[in-house]
Each structure stands twice: as structure tokens, then as C-alpha cells.
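Engineer:
There are 2 protein chains.
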Amino acid sequence: MLEPALLAVLASAPSHGYDLRRAVEDLSGGLVCMDPGGMYRALRRLEEEGYVTSTWSTGGHGPQRREYELSDEGRSLLREWAEHLKQRERVFRSLIEIVERSLGPAGQGAA
Amino acid sequence: MLEPALLAVLASAPSHGYDLRRAVEDLSGGLVCMDPGGMYRALRRLEEEGYVTSTWSTGGHGPQRREYELSDEGRSLLREWAEHLKQRERVFRSLIEIVERSLGPAGQGAA
DNA sequence: ACACCTAGATGTTACATGCATCTAGATGTG
DNA sequence: CACATCTAGATGCATGTAACATCTAGGTGT
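Top to bottom, those sequences are chains S and U. Start counting at 1 in the first sequence, then tack on 368, and there's your number in the numbering used here. Start counting at 1 in the second sequence, then tack on 368, and there's your number in the numbering used here.
1. Could you check if U/Ala376 is buried or exposed, using at least 16 other CB atoms within 10 Å of its CB as the buried criterion?
2. For a contact defined as C-beta to C-beta under 7 Å, what are the partners of U/Val467 on chain S?
3. Along chain S, which residues have their Cβ under 9 Å away from the Cβ of U/Val459?
4. Determine the burial state of S/Ser470: buried for a count of at least 16 other Cβ atoms within 10 Å of its Cβ, exposed for fewer.
5. Could you tell me which chain S residues have their CB closer than 7 Å to the CB of U/Ser380, listed as they occur along the chain?
6. Please report how far the alpha carbon of S/Asp394 lies from the alpha carbon of U/Gln432, in whole angstroms.
7. Exposed or buried, which one is S/Trp424 when buried takes at least 16 other CB atoms within 10 Å?
8. Thinking just about the alpha-carbon of each residue, which of S/Pro473, S/Ser462, S/Glu457 is nearest to the one in U/Arg373?
9. Do U/Pro382 and U/Glu435 have their beta-carbon atoms positioned less than 8 Å apart in this structure?
10. Does chain S have any CB closer than 8 Å to the CB of U/Leu463?
11. Cβ of U/Leu388 within 8 Å of Cβ of U/Leu438?
12. Keeping to the same chain, check which residues put their C-beta closer than 7 Å to that of U/Val392; ignore five residues upstream and five downstream.
13. U/Glu417 by DSSP, collapsed to three states: which one?
14. Between the beta-carbon of S/Ala410 and the beta-carbon of U/Glu468, is there less than 8 Å?
15. CA-CA distance, S/Ala478 and U/Glu457?
16. How big is the Cα-Cα spacing for U/Thr421 and U/Leu446?
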């Protein structure tokens, strides 16, 4: 789930790792949190496969940042992810329905 | 995701592995499919942890069946799963929203 | 000079999943 | 009877993902 989140944020604007992390957390209202380790690995893999490109940002203060930018292939991949996620959500909802139904019509849910 | 599905079906009635498989597939309209291998492993684990109990069904034709039945702890676990699943669905939806928003308001989704 | 912060990166482990494969017993058929 | 086939259960292995800790490098502030 890191991948689509990263691609999505990069679709709006190029940015670097830590920023992506903050952006995702922010956009999701704190619901989606990325582990930095996994995130960097995902970014490197995405770059290897041509979905994003990176350049070391030369200016600024603090350590150098690797600026990531979405490629056209990345944008396509993101669209595929959108479909995939929606499909998975359908499965998920179906599962939730089964569970809820099995617990009985009376909502013991919060018990 | 096998676990909640199994618990849910068992909450309605005790049954055995293959039947559970069919039940889940059926109840989900074919959306949720369980790999037999994973399913049996999940069932054994659930039994080890006391969430289900099993007995070899003696009668009938064909190979012996292991009839699984939900325990009280299992029912509790299922309720926990219900909450958990709903929480995860929220996260999921949040992610989908981010992705969809990033692809732009104009629905390029099917492109 | 030194502590600290930020940004990036790696190693390790755990866990779930998917796929193939194996066993045992029942049944059906030549 | 011998043999193929079906069902139910079970195991092995490879893979993908995620979580957790840890490490490096370079700037910044005191």
C-alpha cells in the first residue's frame, strides 16, 4: 500500500521522501502512516522500474534531498492502482458484510 | 483475511473445511476465494488458540471430515475482527481518495 | 568542538498469501 | 480384485509486504 500512496502524492507535485511521508499522513488525516524504511525501498524500486525519476536537490539547508518525480509510466501505474484498489475495496466490503451478517442483525458491533 | 471469513461462516453453523470454502465463496458472490492450504492452516491455528474446536465426523461417505465449531472466544474474536475490518476499510478508503484526487477530478480512471 | 537534527538507507524478522504437491480413505468401473 | 478417480485434509516453498531497529552523512546551532 505504500506504492499507490507514493505515486498519488507525486502525481500532484514532485517531492522528496520525508515530505511524501508527511503528505500522505496529512492527506489521510493521520490514517495512513508510512514506515520510512519501507518508503525509501519502495521509492528506489519505483525508480528502478522507471515509474519515478530522482535528482539530488543541490540547494537548500540540511542534508541533500532526493527529489522524486512521477514519470508517464508512473502515472499509468497509478491509474492501474486506482482500479486495483477499488477492486480490493469491493472484496473487503464483501468480507465485512459476511462478518456483520454473521454477528446478527442486532448490532453487537460496538460491544 | 482468511480468519475473519472462517469465523464468520462458523458463527452461523459448524461445518468442515471444504464446506467453509464454498460458503465463503458463495456468500461473497465469488469475490472472496480461499486457498485450501491457507484455510486449513488458519483453521488449525484457530483451534490451537481455542477459537474453534474440531471433531472428526464419523458418519457419512467419503473421507472423514473435521467438523469445526466456533467457541465463545471465537465469537469474541469475530467481534474484534469486525471492528478491525471496519477500521481498515477506513484506511483503505482514505488511500483510494488520495489516489483518485491525485488523478484529477475528471475521471481518467478507465483510461 | 560537539551535540543534535534531518534525510536517506539497510538489515532483519514476522506474517500472510499463492501455488504446487502429497496423503488417506471411499467410491466407481473394467 | 485391481485400478483410476474423487474428496477432504495437510504440508512445503516462494513471494510480497510490513514493521522494527539501526546506521550513515551532512548541516546547524551552541
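Quick reminder that beta carbons are idealized off the backbone N, C-alpha and C, glycines included.
Structural biologist: Per the coordinate set shown:
1. In the second sequence, the residue the question calls residue 376 of chain U occupies position 8. Classification for U/Ala376: buried.
2. The sequence position of residue 467 of chain U within the second sequence is 99, counting from 1. Pro372, Ala376, Leu446, Trp449, Ala450, Leu453, listed in chain order.
3. By one-based count along the second sequence, residue 459 of chain U stands at place 91. Residues of chain S passing the Cβ test: Met369, Ser396, Leu399, Val400.
4. The residue given as residue 470 of chain S occupies position 102 in the first sequence. Flag for S/Ser470 reads buried.
5. As a first step, residue 380 of chain U must be located in the second sequence, where it is residue number 12. Neighbours of U/Ser380 on chain S, chain order: Ser470.
6. The count along the first sequence starts at 1 and reaches residue 394 of chain S at position 26. The count along the second sequence starts at 1 and reaches residue 432 of chain U at position 64. Approximately 54 Å, taken between the alpha carbons.
7. Within the first sequence, residue 424 of chain S is the residue found at index 56, counting from 1. With fewer than 16 Cβ atoms within 10 Å of its Cβ, S/Trp424 is classed as exposed.
8. Taking the second sequence and counting its residues from 1, one reaches residue 373 of chain U at position 5. The residue you asked about is not Arg; residue 373 of chain U is Ala in the sequence shown. The candidate whose alpha carbon is nearest that of U/Ala373 is S/Ser462.
9. Numbered from its first residue, the second sequence carries residue 435 of chain U at position 67. Numbered from its first residue, the second sequence carries residue 382 of chain U at position 14. Yes, the Cβ-Cβ distance between U/Glu435 and U/Pro382 is below 8 Å.
10. The residue you call residue 463 of chain U lines up with position 95 of the second sequence. Yes - at least one Cβ of chain S is within 8 Å of the one on U/Leu463.
11. Against the second sequence, residue 388 of chain U aligns to sequence position 20. Against the second sequence, residue 438 of chain U aligns to sequence position 70. Cβ distance not < 8 Å, so U/Leu388 and U/Leu438 don't count as in contact.
12. As a working mapping, residue 392 of chain U is identified with position 24 in the second sequence. Result list for U/Val392: Ala373, Val377, Val400, Met402, in chain order.
13. On the second sequence, position 49 is the one that residue 417 of chain U refers to. Coil.
14. Within the first sequence, residue 410 of chain S is the residue found at index 42, counting from 1. Within the second sequence, residue 468 of chain U is the residue found at index 100, counting from 1. Contact: no.
15. For the purposes of this step, residue 478 of chain S is taken as the residue at position 110 of the first sequence. For the purposes of this step, residue 457 of chain U is taken as the residue at position 89 of the second sequence. Because S/Ala478 sits at a pLDDT of 47, beneath the cut-off of 50, its placement in the model cannot be relied upon, and the following sentence gives the value as read from the coordinates. Whole-angstrom Cα-Cα distance: 16 Å.
16. Counting from one through the second sequence, the residue named residue 421 of chain U turns up at place 53. Counting from one through the second sequence, the residue named residue 446 of chain U turns up at place 78. If you take the alpha carbons of U/Thr421 and U/Leu446, they lie about 15 Å apart.
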